[in-house]
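Step one of this worksheet: look at the structure below.
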Amino acid sequence: MRTKKFLISLLAILLIAVNLSALATDWVAMVTGKTKVYASANKSSKVLGTVSKYQLLWLEEVKDGWAKVSLDGKVGYMSSSYIRKTTKDAYVKVAEVKVYAKNSSSSKVLGTYSFGEKFKVEAVSGSWARLVNGKTVGFCKTSALTYENPNTMKSSVYTQKDGVKAYEAPTSSSDVLGTLKLNTKVTCLAIYNDSWCRVQYGSKIGFIRKSELATTKYSSSSSSKNNDVSTEEKATGNVVEADWWTSSIQRRFARGETAVVTDVATGITFRVYRGGGTNHADVQPYTAKDTAAMKKACGKDFGTWKRRAIWVTVDGVNYAASMNCMPHGDGSITSNDFDGHFCIHFTNSRTHGTNKVDPDHQAAIKKALRAGN
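Sequential numbering of the sequence shown, starting at 559, is according to the numbering used here.
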């Protein structure tokens, strides 16, 4: 009986695969043995990197014994004998999402799923993900999914001002469960939609805006007589180098985290909040006071793309980095006197516009490393 059910489910998967055939599809694939990834389908071409057994990749196509895959944001080729299609765990990151029978919102709705529910993603085409959830095979928008389990993201965070409100749902129009004082410690259970934290304080569970929380307590003290430091002490101790792709910096300075930036040339320090960025960190000054400190540090460079050597302090570790002084794009904090975000680069990070390593940023990082050791 179980075998029959499995065959029926497998047949359903094969039939639904037709829905993606007309689109460019990236399939989830697993590496079955350590091997090299090349710049083209030729072993004499440049080696882009090495993949390990059980590593998951996005597979675009298989042709003439070569698999076209994505590795650290680059497209490369590896022997197809070392790869097989599989699935990748994904979780709903919005309040609820509809799963459709086809990759079209006009098709039949198979079900509605809530925040935190788990799926197996088999493939992604454009803005659609192909899902498996038990017997259910269907499609939903990729924007509703995250590959980080929101149910295991517990961390201690602190409110950054008096009067922080905890809501029943991730919207300010829902009921207020309580009002918290400055530096109240709460447990962040999950990140919702990149803008809210699902938190527990005491016996209550609710939602607080992520911009009102940080992993460290808020301090208004300054170590500078001229009040050059906005909210934190200057970086002290040795400075380390962190490769954006191979070190733990992306996990330590993850989206939603705050860090302390020390401008190497002036010693002025301010806090930043990482709201996004893939090839590098897109950040915003955390408060209006932090923006004022950044403007003072940048001086005449503010409003330009000029690179400045900085130290970024996360969890007590000082990292060599580089920043530009140009507000641009979007920003989620509206009360910080800063229009948009700016960029922070670490070793081997790339610009979003060119997808290449920027030599000026890398030179500033080396300068920060020398100055800190």
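Where is the CB? At the ideal position from N, CA and C, for every residue including glycine.
No experiment lies behind these values; they were computed from the predicted model shown.
Spatial neighbours of residue i in its chain, beta-carbon cut-off 6 Å, leaving aside the 5 residues before and after
i      : result
Gly623 : Ser638
Ala855 : Asp821, Thr824 and Ile826
Ser672 : Glu654
Gly889 : Gln842, Gly898 and His899
Ile891 : Ser769 and Gln842
Spatial neighbours of residue i in its chain, beta-carbon cut-off 8 Å, leaving aside the 5 residues before and after
i      : result
Lys719 : Leu740, Glu770 and Tyr776
Ile923 : Glu799, Ala867, Ala878, Ala879, Ser880, His903, Phe904 and Thr905
Tyr725 : Ser732, Asp733, Val734, Leu735, Gly764, Phe765 and Ile766
Trp616 : Asp584, Trp585, Val586, Ala587, Val627, Ser628 and Val682
Asn796 : Asn876, Gly930 and Asn931
Tyr658 : Ser665, Lys666, Val667, Leu668, Gly696, Phe697 and Cys698
Lys853 : Phe860
Residue range of the unbroken alpha helix (DSSP H) whose run includes residue i
i      : result
Arg928 : Pro917 to Ala929
Close beta carbons around residue i, own chain, < 7 Å, minus the five adjacent residues each side
i      : result
Asp918 : Arg865
Leu581 : Because Leu581 carries a pLDDT of 41, less than 50, the predicted location of this residue cannot be relied on, and no value is offered for it.
Gly857 : none
Ala597 : Ser603, Lys604, Leu606 and Gly634
Thr862 : Cys883 and Met884
Gln758 : Val744, Thr745 and Leu747
Ala772 : Val715, Tyr716, Gln718 and Thr816
Backbone secondary structure at residue i - three-state DSSP
i      : result
Glu618 : strand
Cys856 : helix
Thr820 : strand
Ala812 : coil
Thr827 : strand
Glu770 : helix
Asp584 : strand
Lys847 : helix
Ala702 : helix
Tyr649 : strand
Ile763 : strand
Ile749 : strand
Ile807 : helix
Thr556 : It is not possible to answer for residue 556, since the shown part of the chain is limited to 559 through 931.
Ser730 : coil
Gln758 : strand
Asp886 : Note on identity: in this sequence residue 886 is His, with Asp being the wrong assignment. Strand.
Lys739 : coil
Ala800 : coil
Phe697 : strand
Glu790 : In this prediction, Glu790 scores a pLDDT of 40, lower than 50, which makes its location untrustworthy; no coordinate-derived value is stated.
Glu842 : Reading off the sequence shown, one finds Gln at residue 842, where the question assumed Glu. Three-state DSSP puts Gln842 in a strand.
Inter-residue CB distance, residue i and residue j (contact presumed, cutoff 8 Å)
i      : j      : result
Asp840 : Val682 : Not quite, the Cβ-Cβ distance comes to about 23 Å (not below 8 Å), so this is no contact.
Cys698 : Lys656 : 7 Å
Gly814 : Lys768 : 5 Å
Val633 : Lys626 : 7 Å
Val715 : Val744 : 6 Å
Tyr640 : Gly674 : About 34 Å; that fails the 8 Å criterion.
Ala817 : Val870 : 5 Å
Glu680 : Val589 : Contact flag wrong, Cβ pair sits at about 17 Å.
Cys901 : His838 : 6 Å
Continuous beta strand (DSSP E) stretch holding residue i: start and end
i      : result
Ile868 : Arg866 to Val872
Ala878 : Val875 to Met881
Tyr640 : From DSSP, Tyr640 is part of no beta strand (DSSP E); its letter is neither H nor E.
Glu654 : Glu654 to Tyr658
Ser628 : Trp624 to Leu629
Ile902 : Phe900 to His903
Ala599 : No beta strand (DSSP E) holds Ala599; DSSP gives it neither H nor E.
Phe896 : No beta strand (DSSP E) contains Phe896, which DSSP labels as neither H nor E.
Glu680 : Lys676 to Ser683
Lys723 : Val722 to Tyr725
Residue i CB to nearest heavy atom of the ligand HEM below 8 Å
i      : result
Lys601 : As for the ligand HEM, it is missing from this structure, which has no ligand bound.
* To do: State whether the segment 663-680 contacts the segment 600-619, with contact taken as three or more CB pairs (one from each stretch) at a distance under 8 Å.
  => no
* **the segment 593-612 in contact with the segment 697-709 per 3-pair CB rule at 8 Å** => no
* **Contact between the segment 727-739 and the segment 696-705 (3+ Cβ pairs under 8 Å)** => no
* Asked: Pairing CB atoms from the segment 888-901 with CB atoms from the segment 846-863, are three or more of them under 8 Å?
  -> Yes, the segment 888-901 is in contact with the segment 846-863.
* Asked: For the segment 912-930 against the segment 806-813, are there 3 or more C-beta pairs whose distance is under 8 Å?
  -> no
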